[in-house]
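As structure tokens, the structure follows; a few thoughts come after it.
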Amino acid sequence: MQQKYQYISWTKDFSINNIELDKQHEAIIQIANDTAYTIHKLEQNPNSLELKKELKKITMRLFHYMKTHFTDEEEFMKDIEFPLFEEHRKAHMALANQARELLNHSNDIKHFAQKLEALVNDFVIKHFAQEDILLANFLDKALHINEVHFNLEQYIMLKTLQNKDIYNEKTYDYICSCSLENIYKVPESIHEELENSNKLIKCRHCEKVLVFLKEFDIKENYQSLKERFFSIIS
Numbered sequence: 001m002q003q004k005y006q007y008i009s010w011t012k013d014f015s016i017n018n019i020e021l022d023k024q025h026e027a028i029i030q031i032a033n034d035t036a037y038t039i040h041k042l043e044q045n046p047n048s049l050e051l052k053k054e055l056k057k058i059t060m061r062l063f064h065y066m067k068t069h070f071t072d073e074e075e076f077m078k079d080i081e082f083p084l085f086e087e088h089r090k091a092h093m094a095l096a097n098q099a100r101e102l103l104n105h106s107n108d109i110k111h112f113a114q115k116l117e118a119l120v121n122d123f124v125i126k127h128f129a130q131e132d133i134l135l136a137n138f139l140d141k142a143l144h145i146n147e148v149h150f151n152l153e154q155y156i157m158l159k160t161l162q163n164k165d166i167y168n169e170k171t172y173d174y175i176c177s178c179s180l181e182n183i184y185k186v187p188e189s190i191h192e193e194l195e196n197s198n199k200l201i202k203c204r205h206c207e208k209v210l211v212f213l214k215e216f217d218i219k220e221n222y223q224s225l226k227e228r229f230f231s232i233i234s
């Protein structure tokens with residue numbers, strides 16, 4: 001039996017406050033883990049028939065959860081009168097089309113593996129880790145619709161699904177009000193995303209928004225830094 005490969009772990013921050021949908025999300029995260037593990041092993045053993053069969057089993061699990069999840073989630077959105085229902089449904093359709101396209105590469109296992117990995121990453125990163133979280137924000141009446149629903153460490157872990165070299169990137173300094181002397185090192189790709197999209201990301205300790213430090217010297221400019229921080233979040 002294949003050992004579970006915890007490339008990314010389920011946490012409460014993934015929750016959209018619906019027990020059944022949360023269970024489905026947790027299962028999809030495990031599919032992402034199994035996909036990463038199997039593709040990693042297949043790269044080491046490209047002629048393994050067992051691994052090829054396992055990859056196709058994972059694909060069938062993914063298709064099953066996609067169909068069930070999309071149906072259940074769309075019903076949930078109708079029940080809560082979610083204002084972005086049509087946009088969200090179109091995102092579901094795009095993922096379903098991507099899944100159907102995957103079947104066209106079933107005879108080329110290398111290309112199939114690449115397409116499957118891309119589909120799983122899009123499902124985990126672009127869809128439920130970002131778009132589905134809007135459901136939770138809507139239910140919680142979130143003040144910032146652009147707030148990333150994860151702390152920095154979790155978001156970096158998520159982004160490694162798309163960019164395995166993220167830990168080698170140049171970093172930018174961010175701070176939080178709970179400890180202005182504690183510097184958070186934000187990888188360049190996430191920093192650019194935060195700067196260009198006006199997204200916000202939170203501290204894992206106090207869950208308040210992290211702020212880009214720029215060129216302040218904390219020890220020499222502590223008071224002005226503190227004033228600047230509170231002017232940003234007020």
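Reading the sequence shown from the start, the letters are residues 1 to 234 in the UniProt record's numbering. Yeah, the Cβ is synthetic: ideal placement off N, Cα and C, and Gly gets one too. Predicted, not measured: the structure shown is a model, and the values here were computed from it.
Using CA coordinates, which residue listed in the options is at the minimum distance from residue i?
i	options	result
threonine 35	Glu207, His127, Phe112, Cys176	Phe112
alanine 91	Leu102, Lys78, Glu74	Glu74
leucine 152	Ser9, Lys185, Ile8	Lys185
lysine 81	Leu139, Ser15, Asp165, Leu194	Before going further, note that residue 81 is glutamate rather than lysine in the sequence given. Minimum Cα distance to glutamate 81 is reached at Leu139.
arginine 100	Thr11, Phe63, Ser197	Phe63
asparagine 182	Glu193, Glu188, Arg204	Arg204
leucine 55	Thr68, Ser177, Ser106, Asp72	Ser106
glutamate 87	His127, Leu103, Leu119	His127
asparagine 45	Ile109, Leu200, Lys115	Ile109
lysine 164	Ile19, Cys176, Pro187	Pro187
glutamate 117	Leu103, Ile39, Asn47	Ile39
isoleucine 19	Cys176, Asp72, Leu51	Asp72
leucine 102	Met93, Arg89, Leu119	Leu119
Please list the terminal residues of the continuous alpha helix (DSSP H) segment that includes residue i.
i	result
aspartate 22	19-44
isoleucine 190	188-197
alanine 91	85-102
DSSP three-state label for residue i, please.
i	result
asparagine 107	coil
lysine 12	helix
aspartate 122	helix
isoleucine 80	coil
lysine 159	helix
asparagine 168	helix
lysine 214	coil
alanine 208	Just to set this straight, residue 208 is lysine in the shown sequence, not alanine. It is coil, neither helix nor strand.
glutamine 2	Model confidence at glutamine 2 stands at a pLDDT of 44, short of 50, so the residue's coordinates are unreliable; what they give is reported in the following sentence. The answer is coil: DSSP assigns glutamine 2 none of H, G, I, E or B.
alanine 142	Any reading at alanine 142 is ruled out, since the residue's pLDDT is 45, under 50, leaving its predicted position unreliable.
By the DSSP assignment, the beta strand (DSSP E) with residue i in it spans what residues?
i	result
lysine 202	200-202
tyrosine 174	171-176
Tell me whether the beta-carbon of residue i lies closer than 8 angstroms to the beta-carbon of residue j.
i	j	result
tyrosine 174	leucine 134	no
isoleucine 29	tryptophan 10	yes
leucine 78	phenylalanine 85	Inspection of the sequence shows that residue 78 is occupied by lysine rather than by leucine. The answer is yes: Cβ separation under 8 angstroms.
alanine 136	asparagine 17	yes
aspartate 122	glutamine 98	yes
residue 276	aspartate 22	Residue 276 lies beyond the range of the chain shown here (1 to 234); nothing can be said about it.
isoleucine 156	isoleucine 125	no
leucine 95	methionine 66	yes
lysine 208	cysteine 178	yes
glutamine 24	threonine 59	no
lysine 199	glutamate 192	no
Does the ligand SAH have even one heavy atom less than 7 angstroms from the beta-carbon of residue i?
i	result
glutamate 188	What this structure holds is no ligand at all, so the ligand SAH is not there to describe.
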